[in-house]
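*Asks:* Here it is: the structure, laid out below.
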Amino acid sequence: MSKTTKKTSGLSQDKNWWRQAAIYQIYPRSFADSNGDGIGDIKGITSRIPYLKSLAIDAVWLSPFYPSALADGGYDVDDYRDVDPKLGTLADFDEMLAGLHKEGIRVFVDIVPNHSSNLHEWFKEALAAKPGSKARERYIFRDGKGANGELPPSDWVSHFAPSSWTHESTFGGKNNQWFLHWFAPEQPDFNWENREVQKDFLKTLKFWSDRGVDGFRIDVAHGLAKDLSEPFRSMPVHEGLEQRGNKGKGIWGDRNEVFAIYKEWRKLFNQYDPPRVAVAEAFVHPERLPLYASTKTLGQCFDFRFIETPFEAHAYKVATKEAIELAQKNKSSCTWTLSNHDQIRHATKMGLNPAVNRRSWMLSNGTSHPLDKESGTANALAASIYILGLPGSTYMYQGEELGLHEVTDIPESEIQDPQYLRNLKVDKGRDGCRVPLPWTASGSSFGFGSGGAHLPQPKWFADYAVEVEEKDESSPLAIYRKALSLRKELQTKEEIKWHKTTDISVLHYSRPNGWNVIINFRAENYQMPKGELLLSTRPVVNGKIPAGTTVWFKKK
Ligand code: GLC
Ligand code: CA
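Here you go:
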């Protein structure tokens, strides 16, 4: 049975469209608010299709927009096959999808399979049911330790709470059991050995694929299979890559059994024309990334190494080479990424002295050390344009095209992120990159909507507003637009060649069609070789590339 997407004008028929795509991540609640309730919504996205088109991106990825009580920014899903009424309806979604497709922009949605929310119908049913029942088997319920089961079943820690076990009474359960959650207690983990769970996710993937969704971003893709054999192994601190190693036998993540799940998903994806695609979010030993990116499983896997690579020539070269080698191992393509909704914006990282401990800096509301905003934005732009020239796909995050900075001074009373609220307040959390976008320099919530913003926007957002940058040819937005549209014209085979440079803080690579990229990290001025200058992130005068600059040029 072959399912063909309804005839939709703007999309290419290329089955490999994803290999070198530019994908723009939208955090729906913070993108654009159409009805003035302070929360971004689906109609808001639809209203901004002209903007998305102006970016010349190939696809958008939408973070969760499903019904959710927002214990974790929507990664706590009440219903996988619906739209949160605060964000719109399925009809709004269809309208948005058709509008994007018409402009040639594909759509990824976020699938959160490791856990549901505590308000998911199945979890409510499980709480009301008896131990050992079919309803409880969809999650991971266990008896506690101690004389009366008053202690958690194991010492496992959670990402957002001290223990990964919560007593069911917290949510009204009356059977003295504990349930497992990798993240917040409001995010109970599914039991992926349960066939009903497996089938339900196939149903969800089919539901969105049938609607015309082109791809899926798989949340915590390495988490689904767990070692639940008893007695439980010990995990008093987070199981890092070191402890887990590369054998697929960790306690809690990246276990070999997980691939059987993705093989089944792949069969479903391949029933569509073009096949649906997927990208895994998996924090695993680098050697294991290709297992998630295999054509037999999800097809692509995020390579997050640039998120922590210092803005420095040698580190960039090593990271680039390693990532390319890895992607080639499984015939996948690279997945360059500098920012997302879980990370401090890269403009901010690059404007801070690298020796500064970012976590404490954030906790000081960004006051303990100076931030050089201007050079942060310029370096971030240089890094982004360097990455956009590389073979493979690029995942960018809303606002990075504006050179936007992290908001560091959100008052405690307004913080939403459980990473802060539950981690004993030792981590400022991720709200700072989730503040609603500035569209205009003035007006209610800088043009985000007519009724304020669900996270406070600082005054300096005005300087980064779309409206302001659109008028300035040298703005990050203008340069991103130019780069993204040039990239479409220039795109060529997934190959790269390195060239010698006369300064160790400069990198130079080219693509098979003579598309050359030079990034000057910090050399005084670097002489551009002969060629036609196509783009530069800072002005190049007399062929001199200044520090913190990337140029694209064409050589015959
Ligand atoms: C992923 C998401 C993050 C979320 C977590 C739990 O890492 O990117 O935002 O908190 O999964 O779902
Ligand atoms: Ca709204």
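Note that this note's numbering has the sequence shown beginning at 90, numbered continuously upward.
Think of the CB as a built atom: it goes at the ideal place given N, C-alpha and C, for glycine as much as any other residue.
For residue 180, is the classification buried or exposed, using 16 other Cβ atoms within 10 angstroms of its Cβ as the cut-off for buried?
*Replies:* Counting Cβ neighbours within 10 Å, residue 180 comes out exposed, since fewer than 16 surround it.
*Asks:* Hey, residue 271 and residue 254 are a contact pair by Cβ (cut 8 Å); roughly how many whole angstroms apart?
*Replies:* At roughly 11 Å, the Cβ-Cβ gap does not stay under 8 Å, so residue 271 and residue 254 are not in contact.
*Asks:* Taking 6 Å as the cut-off, is the C-beta of residue 164 nearer than that to any heavy atom in ligand 1?
*Replies:* For ligand 1, at least one heavy atom lies less than 6 Å from the Cβ of residue 164.
*Asks:* Within this structure, are the beta carbons of residue 286 and residue 478 separated by less than 7 Å?
*Replies:* Against a cut-off of 7 Å, the Cβ pair of residue 478 and residue 286 comes out as no contact.
*Asks:* Let me confirm a value: residue 432 is counted as buried when at least 16 other C-beta atoms fall within 10 Å, else exposed. Which label applies?
*Replies:* Per the 10 Å Cβ criterion, buried.
*Asks:* From this set, 299, 145, 108, 130, which residue's C-alpha is nearest residue 574's C-alpha?
*Replies:* For residue 574, the nearest C-alpha among the options comes from 145.
*Asks:* Going by beta carbon distance, what residues of the same chain come within less than 8 Å of residue 101, once the five residues before and after it are set aside?
*Replies:* For residue 101, where only same-chain residues beyond five positions count, the Cβ hits under 8 Å are 193.
*Asks:* Compute the beta-carbon to beta-carbon distance between residue 373 and residue 343, rounded to the nearest angstrom, for a pair I have assumed lies under 8 Å.
*Replies:* At roughly 4 Å, the Cβ-Cβ gap stays under 8 Å, so residue 373 and residue 343 are in contact.
*Asks:* Thinking C-beta only, is residue 423 closer than 7 Å to residue 518?
*Replies:* No, Cβ-Cβ distance for residue 518 and residue 423 is not below 7 Å.
*Asks:* Straight-line CA distance for residue 188 to residue 143?
*Replies:* Their backbone Cα atoms lie some 14 Å apart in a straight line.
*Asks:* Relative to the alpha-carbon of residue 314, which residue among 421, 397, 202, 219 has its alpha-carbon at the smallest distance?
*Replies:* The candidate whose alpha carbon is nearest that of residue 314 is 202.
*Asks:* To the nearest angstrom, how far is the alpha carbon of residue 245 from that of residue 324?
*Replies:* So the two alpha carbons sit approximately 5 Å from each other.
*Asks:* Out of 639, 122, 273, 213, which one is the CA nearest neighbour of residue 161?
*Replies:* Among 639, 122, 273, 213, the Cα nearest to that of residue 161 is on 273.
*Asks:* Just to confirm my understanding: we take residue 322, look at its own chain, exclude 5 residues before and 5 after, and list those with CB closer than 7 Å. What are they?
*Replies:* Around residue 322: 316, 340.
*Asks:* Starting from the C-beta of residue 584, find all residues in its chain whose C-beta is less than 7 Å away, skip the five residues before and the five after it, and write them out in chain order.
*Replies:* So the list reads 480, 600, 601, once near-sequence residues are dropped.
*Asks:* How would you call residue 147, buried or exposed, if buried means at least 16 neighbouring beta carbons within 10 angstroms?
*Replies:* With 16 or more Cβ atoms within 10 Å of its Cβ, residue 147 is classed as buried.
*Asks:* Express the C-alpha separation of residue 553 and residue 547 in angstroms, rounding to a whole number.
*Replies:* Their backbone Cα atoms lie some 11 Å apart in a straight line.
*Asks:* So, at 7 Å on beta carbons, what are the nonlocal neighbours of residue 497 in its own chain, with the 5 sequence-adjacent residues on each side left out?
*Replies:* Answer for residue 497: 451, 454, 455, 521, listed in chain order.
*Asks:* Regarding residue 134 and ligand 2, is the C-beta to nearest heavy atom distance less than 6 Å?
*Replies:* Checking the Cβ of residue 134 against ligand 2 gives no.
*Asks:* When every heavy atom of ligand 1 is checked, does at least one fall within less than 6 Å of the C-beta of residue 120?
*Replies:* Outside the cutoff, so no.
*Asks:* Would the stretch 162-169 and the stretch 213-228 be scored as touching if the rule is three or more Cβ pairs under 8 Å?
*Replies:* The stretch 162-169 vs the stretch 213-228: no contact.
*Asks:* Say yes only if the C-beta of residue 609 is nearer than 6 Å to one or more non-hydrogen atoms of ligand 2, and no if none qualify.
*Replies:* For ligand 2, not one heavy atom lies less than 6 Å from the Cβ of residue 609.
*Asks:* For a test of the three-state rule: what should DSSP assign to residue 180, helix, strand or coil?
*Replies:* If DSSP states are grouped into helix, strand and coil, residue 180 belongs with the helices.
*Asks:* Quick check: the Cα distance between residue 512 and residue 240, rounded to an integer number of angstroms?
*Replies:* Near 20 Å, if we compare the C-alpha coordinates of residue 240 and residue 512.
*Asks:* Take residue 629 and list the residues in its own chain whose beta-carbon comes closer than 8 Å to its own, dropping the five residues that flank it on each side.
*Replies:* Same-chain partners within the cutoff: 617, 622, 635, 638, 640.
*Asks:* Does the distance from the C-beta atom of residue 296 to that of residue 170 stay below 7 Å?
*Replies:* The answer is yes: Cβ separation under 7 Å.
*Asks:* Does the Cβ of residue 91 have 16 or more other Cβ atoms within 10 Å, making it buried, or fewer, making it exposed?
*Replies:* Legend: pLDDT at residue 91 = 45, less than 50; position of this residue unreliable, no value from coordinates given.
*Asks:* For residue 503, I'd like the list of residues in its chain whose CB is within less than 7 Å of its CB, leaving aside the five on either flank, ordered along the chain.
*Replies:* Here the set comprises 544, 545.
*Asks:* What distance in whole Å lies between the Cβ atoms of residue 131 and residue 117, which are believed to be in contact at a cut-off of 8 Å?
*Replies:* Sure, about 7 Å apart at Cβ, within 8 Å.
*Asks:* For residue 130, verify whether its CB is less than 6 Å away from any heavy atom of ligand 2.
*Replies:* Flag set: Cβ of residue 130 near ligand 2.
*Asks:* By the 10 Å Cβ neighbour count, where 16 or more other Cβ atoms means buried, how is residue 333 classified, buried or exposed?
*Replies:* Flag for residue 333 reads buried.
*Asks:* Along the chain, where does the beta strand (DSSP E) containing residue 111 start, and where does it finish?
*Replies:* It spans 111-115 - the beta strand (DSSP E) in which residue 111 sits, taken as one unbroken run.
*Asks:* Determine, using beta-carbon pairs with one atom in the stretch 608-617 and one in the stretch 406-414, whether at least three such pairs fall under 8 Å.
*Replies:* Counting Cβ pairs under 8 Å, fewer than three are found: no touch.
*Asks:* For the beta strand (DSSP E) that residue 586 lies in, which residues bound it at each end?
*Replies:* Run containing residue 586: 586-588, per the beta strand (DSSP E) assignment.
*Asks:* Would you decide whether residue 104 is buried or exposed? Buried here means 16 or more other CB atoms lie within 10 Å of its CB.
*Replies:* Label assigned to residue 104: exposed.
*Asks:* Start and end of the beta strand (DSSP E) containing residue 621?
*Replies:* 621-625 is the span of the beta strand (DSSP E), which, as asked, contains residue 621.
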